[in-house]
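Enquirer:
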Amino acid sequence: MKTIVDIMGDNATNTLTLAADNKDPQYAAAALAMAGRYMNAANADVWAQKGERSQPATKAAIIAMLAASKQRVAISLCTKALKDSDARVRMAAIEASAQLQSTEMLSPLLVAMKTADSTEVKAIGNSLLSIRSRDVSGYVAVALQHAPSFAQITLLHVLAQKKAADKERFIRLLLNSEDPDVAAAAKTTLEAVKE
């Protein structure tokens, strides 16, 4: 396959998209690795379309490949993938959002957090911490009020790590939470942002 790709160059995209569906997982992974090396905007669109139509394992791998190659088209694919019924696809989108470093992923991540399981909530929290933008704290503070209790604790942790002292009023609202864990996390967060 490498020889074919070397000869075909950018024209190898169709060959690689077919190889990505191979039943041999090592062969499919090799095709995606090669595709990542030859990635450009035109190829990225083809791969995004392929990702939308693929089986969950392939879709997750394509999301990871596009994010690793920093393709903006991955943002749209990740946004859709956060709503996927398959947990592998959702986790791939969550992890990719950290690599993409795009503020466009903030709202979709925070919306996904409302229905995510505990593993996904933790991964979303880590992605939010990875995104280097001043906007993160603002989005998190607003989402904090409408998130489920277990997600509120993660979001408070994000605000503490981001040292979001300017979001103190949002944090204070949770000091009186009916959930004692949330109230304790809010208190800890207030102390952390003041340091």
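The opening position of the sequence shown corresponds to residue 1 in my numbering, with each subsequent residue numbered one higher. Each residue gets a CB set at the ideal place from its N, CA and C atoms; glycine is no exception.
Apply the 10 Å Cβ neighbour rule to K83 and answer buried if 16 or more other Cβ atoms are within range, or exposed otherwise.
Expert: exposed
Enquirer: Considering N220, what are the terminal residues of the alpha helix (DSSP H) in which it resides?
Expert: Any answer about residue 220 is impossible in this case: the structure gives the chain only from 1 up to 195.
Enquirer: Please indicate yes or no: does the CB of S107 lie closer than 8 Å to some heavy atom of the ligand NAD?
Expert: In terms of ligand content, the structure shown is empty, and the ligand NAD therefore cannot be addressed.
Enquirer: From this set, A74, K114, A192, which residue's C-alpha is nearest A42's C-alpha?
Expert: A74
Enquirer: Going by other Cβ atoms of all chains shown within 10 Å of its Cβ, with 16 needed for buried, is P108 buried or exposed?
Expert: buried
Enquirer: According to the Cβ coordinates, are K187 and L173 closer than 9 Å?
Expert: For the 9 Å CB-CB criterion, K187 and L173 do not form a contact.
Enquirer: Starting from the Cα of H202, find the closest Cα among H157, M113, I124 and give me that residue.
Expert: Nothing about residue 202 can be reported from this structure: the residues present for the chain run from 1 to 195 only.
Enquirer: Using only alpha-carbon positions, find the residue among S69, S137, S85 that is nearest to N40.
Expert: S69
Enquirer: Please name the residue in V111, G125, K23, W47 whose C-alpha comes closest to that of T154.
Expert: G125
Enquirer: I'd like to know whether the C-beta atoms of A60 and M34 end up nearer to each other than 9 Å.
Expert: no
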